[in-house]
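Notes follow once the structure below has been shown.
There are 2 protein chains.
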Amino acid sequence: MNVSTSSGWERAPLSPPYLLFLGDITEPAFAKTAFGMRDWIPECCVGEWGCPESTVSTGLPRMTPSQARAQGARALVIGVANVGGLIAERWVPLLIEALEAGLDLISGMHAKLSDVPQLKAAAGTHGRRLIDVRTPPKNIPIATGARRRGKRLLTVGTDCAIGKKYTALALARAFTQRGLATDFRATGQTGILIAGGGMPMDAVVADFEAGAAEILSPDAAPGHWDVIEGQGSLFHPAYAAVSLGLLHGSQPDVIVICHDPQRTHLLGNTHFSLPSIADTIDLTIRLGLRTNAAIRCAGISLNTSHLEAEAAHELLRRHSADLGVPAADPMRAGPEFDALVESCLK
Amino acid sequence: MNVSTSSGWERAPLSPPYLLFLGDITEPAFAKTAFGMRDWIPECCVGEWGCPESTVSTGLPRMTPSQARAQGARALVIGVANVGGLIAERWVPLLIEALEAGLDLISGMHAKLSDVPQLKAAAGTHGRRLIDVRTPPKNIPIATGARRRGKRLLTVGTDCAIGKKYTALALARAFTQRGLATDFRATGQTGILIAGGGMPMDAVVADFEAGAAEILSPDAAPGHWDVIEGQGSLFHPAYAAVSLGLLHGSQPDVIVICHDPQRTHLLGNTHFSLPSIADTIDLTIRLGLRTNAAIRCAGISLNTSHLEAEAAHELLRRHSADLGVPAADPMRAGPEFDALVESCLK
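Keeping their order, the protein sequence lines are chains A and B.
Be aware that the first sequence starts at 95, since it is given in our numbering, and climbs by one per residue.
Be aware that the second sequence starts at 95, since it is given in our numbering, and climbs by one per residue.
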């Protein structure tokens, strides 16, 4: 994984390798931090751990904090993202056990580790660190909307947790492999943990949302690409504000729409049907035109993990024909993904 | 002004009457807090004060903090809103003079009074309070998008500082005068200072933006109206995130578009032309449909303060004919405003 970052913000240095903590979740979609770290920085992941009632697994060996410490782990990372980003009370005894075993704690939740008195006390007692990566930098400016040099690509979703981060990482890797100067720009907890830097867009105060996106992808050389991880969805009744601020501030030249053909309703909110890909393209272009008159949709990224290869290719062919742009699953290398990359770069 | 609030959030009690502080501004548009308080709660405004270089006046008598204290003032309110919401260094000696004179300080800026060490020290020395009204409540929930009972009206602007608050206050007053159970829901510093409560939408963390709007206008009796002060503009490169979160969370039945026919470009950002009213209606309806399938535009609110009465009526007539909905200046009572109110309520 040749992803470079040059965000310029100082963060507490992380302490890999990690033990991934799965909490008490039973829904794999909420473990995207753990899955993302397993998939993109496997060399930093020693194993997994969780409450006894957790039924989700990353496939990594399950082990206690003491066992992980013995295998070299230096921190426990909270690898789940529940609704609201809260640290559950039932997790606290397990997190204390990790501190006692000599691990730092790293979290990307909205709630801060250091706001939990028992964790703060135990970290002090055992000389361990509590690191919250979802803390935005101070003094984010108000967005100006001024055009910046360099090229920008933003992944855009029909929903949350639908492939925006994986697509951005895969495209950034492909751009880099083609010799292009490329930065992956992380906008969420998992991306930040993978890349070692970025902007936690959903934790920024709303007035500064677009400004945060502007400093995330600063003025750059004309041939340079920022590949920016999308957040939320413009159609999401809770998170659309994040998506619009990121879109305006990113001023992307290229968008790639990320979609899961199996999903019919918003994740965790069945009162809302998923928007169509065509509607998502149309609305994103309409809104994005405000800060970049040249914005265009270069293609579609589909999650086809539920399909055999031939069925996946057929699905991609159909979407490409219907929408008039390349469609690919970035987890499947091949001519479809190459066509998507070409479309982004043309 | 018969505006009631029932927000339910506990705030530090304010301490009227006030001395309005104008800082060092020379652009009247940045004094909207001072103007709003003068216009809607004149009984609470003793006078104005500012740096010598400030050229803006509310028309209230200019006086020092000592003079204001002698006339009964109990607090100095920072009545300006500069870009970024910062407390300028050159203001600090004057703010300390107010504390020395026996006044509390009240601010709606993003920056917190209590974060300025000299102010904190002086407030301690003189036994005065520092009150920041732009501090959102704790534990705002993630929005659900679930439909709530009661009727909601949201004012929507083609730009910032273009009449959304005045229009909402005027409509709330008109609804109340017609005997309808009505709450004005403040979403910005000035509205909160006028109403004594509300939600500082631009200071909420982006992930919770729509959730904040949901708790601002809770489930209500079927005939009850919440008249919600709009924020920013969906076309503003810095603030559109605030506007979209507020729109989704407010789930308005009715929108009223606020516009200033003299303004050709965004306030303070001449690189961006103002959107047309028709585009603003269309985009707001398109986005608002996501949380309320019955959303409709009831009319237009135009600032005609630069025109004589006959020219204003002609401008309103033309806008109404062009757009097919009533157009009124809420600062001019008469049949046009009555038609706008009727259109909202029908």
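No residue lacks a Cβ here, since even glycine has one placed at the ideal position from N, Cα and C.
Mind reading off the beta-carbon distance from Thr276/A to Gly292/A? Whole number of angstroms is fine, and I expect it under 8 Å. The beta-carbon distance between Thr276/A and Gly292/A, rounded to whole angstroms, is 15 Å. This is too long to meet the 8 Å contact definition.
Mind checking if Phe124/B is an interface residue toward chain A, Cβ cutoff 8 Å exclusive?
For Phe124/B, the answer is no, since every Cβ of chain A falls outside 8 Å of its Cβ.
Problem set entry | Whole runs of the beta strand (DSSP E) within the region 252-285 of chain A, excluding any shorter than 3 residues | Counting whole runs of 3 or more residues, the region 252-285 of chain A contains the beta strand (DSSP E) stretches 276-279.
* Using a Cβ-Cβ cut-off of 8 Å, state whether Pro331/A counts as contacting chain B. => With 8 Å as the cut-off, Pro331/A counts as an interface residue toward chain B.
Neighbour list for Gly339/A in chain B, Cβ cutoff strictly below 8 Å:
Chain-order list of chain B residues neighbouring Gly339/A: Ala300, Ala334, Ala335, by C-beta distance under 8 Å.
query: Whole-angstrom Cβ separation of Gly117/B and Cys145/B, contact assumed at under 8 Å?
result: The beta carbons of Gly117/B and Cys145/B sit about 6 Å from each other, so the pair counts as a contact at 8 Å.
Tell me which same chain residues have a C-beta within less than 7 Å of the C-beta of Phe129/B, skipping the five on either side of it?
If you ignore the 5 residues before and after Phe129/B, its C-beta comes within less than 7 Å of the C-beta of Thr152, all in its own chain and listed in chain order.
- Query: What residues from chain B crowd round Thr385/A, counting only those whose CB sits closer than 8 Å?
  - Reply: Against Thr385/A, the close residues of chain B are Pro331, in the order they occur along the chain (beta-carbon pairs closer than 8 Å).
In three-state terms, what does DSSP make of Ser109/B? Here Ser109/B sits in coil by DSSP.
Strictly under 8 Å for the Cβ-Cβ distance: is Ala304/B near chain A by that measure? Answer yes: the Cβ-Cβ gap between Ala304/B and chain A drops below 8 Å somewhere.
Check your understanding: How about the region 415-428 of chain B and the region 255-266 of chain B: do they share at least three Cβ pairs that are nearer than 8 Å?
Key -> Enough Cβ pairs lie closer than 8 Å, so yes.
Which residues in the same chain as Ala192/A place their Cβ atom closer than 6 Å to its Cβ, once the five residues preceding and following it in sequence are excluded? Only residues of its own chain outside the window of five on either side were considered, and among them Pro159, Leu170 have a CB closer than 6 Å to the CB of Ala192/A, listed in chain order.
Using 8 Å as the threshold, is the C-beta distance between Leu410/B and Leu396/B below it?
It is a contact, given that the beta carbons lie within the stated cut-off.
Could you tell me if Ser100/A is buried or exposed, where buried requires 16 or more neighbouring beta carbons within 10 angstroms of its beta carbon?
The predicted model places Ser100/A with a pLDDT of 40, which falls under 50 and marks its position as unreliable; any figure quoted below should be read in that light. The residue in question, Ser100/A, is exposed, as its Cβ has fewer than 16 Cβ neighbours within 10 Å.
* Cut-off 8 Å between Cβ atoms - residues of its own chain near Ile190/B, not counting five sequence neighbours on either side -> Residues Gln212, Leu213, Ala216 of the same chain have their beta carbon placed closer than 8 Å to that of Ile190/B, with the five preceding and five following residues left out of the count.
Notebook entry, point to check: Closer than 8 Å, CB to CB, is Val419/B near chain A or not?
Noted result: Not one chain A Cβ lies under 8 Å of Val419/B.
Phe329/B versus Arg384/A, Leu199/A, Gly221/A, Pro331/A, residue with shortest Cα-Cα distance: The shortest Cα separation from Phe329/B among Arg384/A, Leu199/A, Gly221/A, Pro331/A belongs to Arg384/A.
### Task
Check whether the region 345-358 of chain A touches the region 246-254 of chain A, taking contact to mean three or more Cβ pairs, one atom from each stretch, closer than 8 Å.
Yes, the region 345-358 of chain A is in contact with the region 246-254 of chain A.
For this session: Enumerate in chain order the residues of its own chain whose CB-to-CB distance from Glu303/B is below 6 Å, with the five nearest sequence positions on each side excluded.
Result: When the five nearest sequence neighbours on each side are left out, the beta carbons in the same chain lying within less than 6 Å of the beta carbon of Glu303/B are those of Gly339, in order along the chain.
Quick check on DSSP: helix, strand or coil for Gly343/B?
Looking at Gly343/B - three-state DSSP - the assignment turns out to be helix.
ask   = So is Ala240/B buried or exposed if we call it buried at 16+ other beta carbons inside 10 Å?
value = Result: exposed.
Next on the checklist: Is it buried or exposed, Gly317/B, if we count other Cβ atoms within 10 angstroms and call 16 or more buried?
Outcome noted: With a threshold of 16 other beta carbon atoms within 10 Å, Gly317/B falls short and is exposed.
Can you find a C-beta in chain A that's less than 8 Å from the C-beta of Ile225/B? With 8 Å as the cut-off, Ile225/B does not count as an interface residue toward chain A.
**Request:** Thinking Ala268/B and Gly343/B are a contact (beta carbons under 8 Å), I'd like their distance in whole angstroms, please.
**Result:** Between Ala268/B and Gly343/B, the beta carbon gap of about 24 Å keeps them out of contact (Cβ cut-off 8 Å).
**Study point:** Rounded straight-line distance, which links the Cα of Ile371/B to that of Lys440/B
**Key:** Straight-line Cα distance between these residues: approximately 22 Å.
| query | On the premise that Leu361/A lies in contact with Ala123/A, defined as a C-beta separation below 8 Å, what is that separation, rounded to the nearest angstrom? | reply | The Cβ separation is near 6 Å, so the contact holds.
Q) Unbroken alpha helix (DSSP H) runs of length 4 or more, entirely within the region 126-211 of chain B: which are they? A) Those alpha helix (DSSP H) runs which fall completely within the region 126-211 of chain B and span 4+ residues are 126-134, 159-164, 186-194.
Query - Between the CA atoms of Thr284/A and Asp416/B - distance to the nearest angstrom - result: Spanning the two alpha carbons is a distance of roughly 50 Å.
Helix, strand or coil at Pro327/A according to DSSP, with G and I counted as helix: One point to set straight first is that residue 327/A is Ser, not Pro, in the sequence displayed. Correct three-state label for Ser327/A: coil.
Which word fits Leu180/B, buried or exposed, when buried means at least 16 other C-beta atoms lie within 10 angstroms of its C-beta? Exposed, since its Cβ has fewer than 16 Cβ neighbours within 10 Å.
(message) Given this structure, state the Cα-to-Cα distance separating Gly326/A from Gln345/B, to the nearest angstrom.
(response) Distance between the alpha carbons of Gly326/A and Gln345/B is about 19 Å.
So, for Ala315/B: in the same chain, excluding its five sequence neighbours on each side, which residues have a beta-carbon less than 8 Å away from its beta-carbon?
Non-local C-beta neighbours of Ala315/B in its own chain, meaning closer than 8 Å and more than five positions away in sequence, comprise Arg243, Gly244, Ala275, ordered along the chain.
Original post:
Just checking my contact of Gly393/B with Leu434/B at CB under 8 Å: how many whole Å lie between their CB atoms?
Top reply: About 4 Å separates the beta carbon of Gly393/B from that of Leu434/B, a gap short enough to meet the 8 Å contact definition.
(Q) Which residue marks the beginning of the beta strand (DSSP E) containing Thr398/A, and which one marks its end? (A) Element bounds for Thr398/A: n/a, residue is neither H nor E.
query: Do Leu197/A and Leu224/A come within 8 Å of each other at the CB atom, strictly closer than that value?
result: Cβ distance not < 8 Å, so Leu224/A and Leu197/A don't count as in contact.
Please identify, using Cβ separations under 8 Å, the residues of the region 238-258 of chain A that lie next to chain B, in order along the chain. Those residues of the region 238-258 of chain A that come within reach of chain B (Cβ to Cβ, closer than 8 Å) are Thr238, Gly239, Ala240.
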